[in-house]
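To start, the structure itself, in structure tokens.
Residue numbers (my numbering): 1187 to 1244.
If you want it as structure tokens, here you go:
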């Protein structure tokens, strides 16, 4: 597979950021062709609704 144009392939990731009292969670979506971040959200809870609300398509 050759990825040579924007919006062909996206990747999603969750990064745990340790804090003094627990974690913050960074949800991000990246376009593989351009390496640009398409969307992100920082949250103090790791719930499915936190990510899906931010990244849902109409």
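Heads up, the beta-carbon is just placed ideally off N, CA and C, and yes, glycines get one too. On a predicted model such as this, the values are computed, not experimentally measured, just so you know.
CA nearest to the CA of residue 1229, picked from 1217, 1219, 1208: Mapped onto the chain shown, residue 1229 falls at position 43. Nearest of 1217, 1219, 1208 to residue 1229, Cα basis: 1208.
Under 8 Å between the Cβ atoms of residue 1189 and residue 1219? Along the chain shown, read from residue 1 onward, the residue named residue 1189 stands at position 3. Along the chain shown, read from residue 1 onward, the residue named residue 1219 stands at position 33. Cβ distance < 8 Å, so residue 1189 and residue 1219 count as in contact.
Could you have a look at residue 1204 and say whether DSSP puts it in helix, strand or coil? Within the chain shown, numbered from 1, the residue matching residue 1204 stands at position 18. Residue state, collapsed to three classes: strand.
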